[in-house]
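The structure under discussion appears below in the form of structure tokens.
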Amino acid sequence: MKSLSVNALAAPTSGIRKIFNLAVKMDDCVKLMVGEPDFPTPEHIVEAACRALHEGKTGYTVSAGIPQLRALIAESVGKRKGIHADPEQQVIVTNGATGALYLSMKALLNPGDEIIIGVPLFSNYLGQAISIGAVPKFVTLREENGFIMDCEDLEKAVTPKTKAILLNSPSNPIGSIISPETLGKIAEIAVKHDLYVISDEVYQDYNYGGVPVVSIASFPGMQERTVIIDSFSKTYAMTGWRVGYAVSSPEMIRLMISMQDDVISCVNTMAQYAAVEALSGPQDSVGQMIDEFRVRRDLLVEGIEKIEGLKCVKPNGAFYLYVNISGTGLTSEDFAMRLLREARVAVVPGTAFGPGGTEYVRISYVTSQKNLLEGVKRISDFVKNL
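Under full-length UniProt numbering, the sequence shown has 184 at position 184, and the numbering climbs by one with no breaks.
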């Protein structure tokens with residue numbers, strides 16, 4: 001038989017999924033590896049989905065998403081990001097943020113085109129880029145810089161084949177936020193070299209007050225060359241509902257709509273009506289979740305910093321802690337696997353987030369304070385016994 005797609009075969013498998021598959025089979029395991037809020041979807045959002053079902057809203061929608069939702073997204077983007085977007089021409093509702101990411105890469109990149117990505121990175125970026133034949137070019141985000149992209153390194157990474165930069169702020173797996181000053185410099189580089197920017201902003205609301213969160217699309221000359229990626233998953237605890245969106249130029253959105261029509265027709269109808277309620281209904285739950293995550297972050301950082309051999313940069317956003325474990329003498333994969341087997345604590349090795357992660361692990365603080373304290377205790381005991 002002839003071989004399967006070379007690009008599909010080249011896409012890496014998820015290092016997060018490997019740990020997850022082992023951890024879910026274990027009893028008494030403190031699971032600090034997942035990247036989703038541990039809160040339920042707010043009841044008023046669930047009720048909106050139920051109403052949609054009872055009202056018979058169970059058929060296909062237009063591929064771009066129901067007009068009511070696109071209008072609310074455009075309004076939200078205006079308020080939260082300071083960007084004017086035409087809901088009919090510049091907004092698409094997608095199957096989660098990952099769906100928006102893939103459609104934007106597919107619409108933008110030809111085989112052989114280079115896309116610059118900071119590492120460590122969200123692992124889906126790498127798999128998606130490779131699967132469509134694009135070439136990821138890595139810029140190392142260094143710990144001594146707070147894991148923020150150095151603009152000199154970015155400029156050096158640009159070649160005649162470079163077509164786009166992918167940004168993630170606040171970031172997964174680091175929790176870092178790119179300052180407005182640095183974003184302005186990145187914008188200048190993008191304009192200078194005529195580059196597009198895919199800006200993953202799904203953690204925008206998870207900002208703990210250290211650095212303001214700004215969209216690069218709000219800088220001069222950037223809106224027409226930026227694809228904003230966002231989602232309902234993190235802000236409204238709707239990970240399983242699979243509703244995300246992209247905001248970009250009419251030309252880009254038109255291509256994304258066409259491809260979405262070919263692949264999934266449209267996003268789940270009842271989930272779209274739930275998203276309408278998420279944006280138009282009470283927002284109390286959002287603030288409550290973020291306040292709780294701030295407390296958890298502080299609790300986790302304090303605990304990890306007390307463990308000899310471990311160190312971390314306190315994150316300003318998202319809900320992850322990227323921990324340097326080089327002082328233990330173990331590689332990230334050895335540390336994560338031994339911690340899982342010997343202490344029953346699940347964390348993700350840094351190698352799951354691109355090249356250069358051998359000295360790090362990612363800890364998610366999307367669990368109760370009680371579980372976090374137990375996890376820190378077990379990690380401390382594990383490190384002491386090495």
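Where is the CB? At the ideal position from N, CA and C, for every residue including glycine.
Please read these numbers as outputs of a predicted model, since none were measured by experiment.
Exercise for the section: Report yes or no: do three or more beta-carbon pairs, one from the segment 95 to 103 and one from the segment 76 to 87, lie closer than 8 Å? Expected result: no
Exercise for the section: Grab the span of the beta strand (DSSP E) containing Lys137 for me, first residue to last. Expected result: Val135 to Thr140
Practice task
Please report the residue range of the alpha helix (DSSP H) in which Tyr245 lies.
Solution key: Taken as a continuous stretch (DSSP letters only), Tyr245 belongs to no alpha helix (DSSP H), being part of the beta strand (DSSP E) at Gly244 to Val247.
Practice task
Since I believe Ile132 is in contact with Leu109 (beta carbons under 8 Å), could you give me their beta-carbon distance rounded to a whole number of angstroms?
Solution key: 6 Å
Practice task
Could you check which residue in Gly65, Arg225 and Gln272 has the C-alpha nearest to that of Ala52?
Solution key: Gln272
Problem - Cβ pair Leu339, Ala107 closer than 8 Å - result: no
Problem - Which listed residue (Val93, Met26, Val34 and Ala11) has its alpha carbon closest to that of Asp261 - result: The closest CA to that of Asp261, considering only Val93, Met26, Val34 and Ala11, is found on Val93.
Problem - Cα-Cα separation between Asn172 and Glu55, rounded to whole angstroms - result: 38 Å
Practice task
Go through the segment 5 to 66 residue by residue and report every complete run of the alpha helix (DSSP H) that reaches 4 residues or more, in order.
Solution key: 6 to 10, 15 to 23 and 43 to 54
Handout entry: Range covered by the alpha helix (DSSP H) that runs through Glu188
Key = Pro180 to Lys192
Exercise for the section: Using the Cα positions of Arg294 and Ala97, report the straight-line distance between them to the nearest angstrom. Expected result: 24 Å
Practice task
Check each candidate in Leu321, Phe382, Glu155 and Thr159 and name the one with the smallest Cα separation from Glu302.
Solution key: Leu321
Practice task
Assuming Lys234 contacts Pro12 (C-beta within less than 8 Å), just tell me the rounded distance between them.
Solution key: Not a contact, Cβ separation roughly 23 Å.
Problem - Check whether Ile45 and Ala278 have beta carbons under 8 Å apart - result: yes
Problem - Residues sharing a beta bridge with Ala107, DSSP - result: The partner list for Ala107 (beta bridge, DSSP) is empty, contrary to what the question assumes.
Problem - Beta-carbon spacing of Ile304, Val376 below 8 Å - result: yes
Practice task
Output the distance between the C-alpha atoms of Lys25 and Val366, rounded to the nearest integer angstrom.
Solution key: Approximately 19 Å between the Cα atoms of the pair.
Problem - Cβ separation of Ser332 and Pro349, assumed to be a contact under 8 Å, to the nearest whole Å - result: 4 Å
Exercise for the section: Starting from Ser231, trace the beta strand (DSSP E) both ways and give me its first and last residue. Expected result: Thr226 to Ser231
Exercise for the section: Assign Asn385 to one of three DSSP states: helix, strand, or coil. Expected result: coil
Exercise for the section: Can you give me the start and stop residues for the alpha helix (DSSP H) that Glu305 sits inside? Expected result: Asp284 to Glu305
Exercise for the section: Kindly provide the ranges of any alpha helix (DSSP H) runs that are 4 or more residues long and lie completely inside the segment 248 to 276, ordered along the chain. Expected result: 250 to 263
Problem - Given Glu155 as reference, the closest of Gly146, Pro250 and Ala187 once Cα atoms are compared - result: Ala187
Practice task
For the alpha helix (DSSP H) holding Ile117, just list the boundary residues, first then last.
Solution key: Segment Glu114 to Val119 is the beta strand (DSSP E) holding Ile117; no alpha helix (DSSP H) there.
Handout entry: Selected residue, minimal CA-CA separation from Val214, among Thr58, Leu183 and Arg225
Key = Leu183
Exercise for the section: Pair every Cβ in the segment 303 to 319 with every Cβ in the segment 160 to 178, then say whether three or more of these pairs are closer than 8 Å. Expected result: yes
Handout entry: Best match in Glu251, Arg378 and Thr358 for proximity to Glu342 [C-alpha to C-alpha]
Key = Arg378
Problem - Cutoff 6 Å; reference Thr239; Cβ partners in own chain excluding five residues on either side - result: The residues Glu36 and Ser233, in chain order, have a CB closer than 6 Å to that of Thr239 in the same chain once the five nearest residues on each side in sequence are set aside.
Handout entry: Whether Val139 touches Ser179 by CB criterion (8 Å)
Key = One thing to note: Val139 has its Cβ no nearer than 8 Å to the Cβ of Ser179.
Handout entry: Through-space distance from Ala10 to Val158, alpha-carbon basis
Key = 23 Å
Practice task
Pull up the distance between the alpha-carbon of Phe382 and that of Thr328, whole angstroms please.
Solution key: 10 Å
Problem - Closest Cα partner of Ser368 within the set Ile307, Arg297 and Tyr236 - result: Arg297
Exercise for the section: Determine the closest residue to Pro111 out of Glu359, Pro136 and Pro120, with distance taken between C-alpha atoms. Expected result: Pro136
Practice task
Kindly indicate which residue of Val34, Gly59, Glu152 and Ser14 has the alpha-carbon position closest to the one of Met270.
Solution key: Gly59
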